[in-house]
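Colleague: In UniProt numbering, the protein residues as written are 1 to 91. Before we start, here is the structure in question, set down as structure tokens.
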Amino acid sequence: MAALQRKGCEAIWFDKRKSPECLQLNHIRGFILNVPSDYRLGFVLLPLRKRHWIAIRKIAGLYYNLDSKLDCTKCDWSGIRIKTLSSRAIR
Numbered sequence: 001m002a003a004l005q006r007k008g009c010e011a012i013w014f015d016k017r018k019s020p021e022c023l024q025l026n027h028i029r030g031f032i033l034n035v036p037s038d039y040r041l042g043f044v045l046l047p048l049r050k051r052h053w054i055a056i057r058k059i060a061g062l063y064y065n066l067d068s069k070l071d072c073t074k075c076d077w078s079g080i081r082i083k084t085l086s087s088r089a090i091r
């Protein structure tokens, strides 16, 4: 949280009882989500489900998925997709 404050930002907890439709994306610079993730040992997929933190950042009007498990940053995030992903992550 200190890193966000140094950048003039703040983290606001989102109450999962609310609908992501209420998010005002024009006021949001990014998201930090804790999402379900497969557990792998090398190439072997284990039958365990863990949680993984990902960051989604808005840069020049586009959302970038900065998930450390991806081979590269993805830029395919529209506002509608963000609300859908947020909905899945909080349920």
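For every residue, glycine included, the Cβ atom is placed at its ideal position computed from N, Cα and C.
1) Could you spell out the range, first to last residue, of the beta strand (DSSP E) harbouring R49?
2) From the DSSP output, in three-state form, read off L70 for me.
3) Quick one, are the C-beta atoms of P36 and R17 less than 8 angstroms apart?
4) Can you give me the C-alpha to C-alpha distance between A48 and A60, rounded to a whole angstrom?
5) Quick one: using the 10 Å Cβ neighbour count with 16 as the cut-off for buried, is N34 buried or exposed?
6) Assuming C72 contacts L62 (C-beta within less than 8 angstroms), just tell me the rounded distance between them.
7) Name, in chain order, the residues that DSSP records as bridge partners for S37.
Modeller: Result, derived from the coordinates:
1) V44 to I59
2) coil
3) In this structure, R17 does not lie closer than 8 angstroms to P36 by Cβ.
4) According to the sequence shown, residue 48 is Leu rather than Ala. Approximately 37 angstroms, taken between the alpha carbons.
5) With fewer than 16 Cβ atoms within 10 Å of its Cβ, N34 is classed as exposed.
6) About 15 angstroms separates the two Cβ atoms, so there is no contact after all.
7) K50
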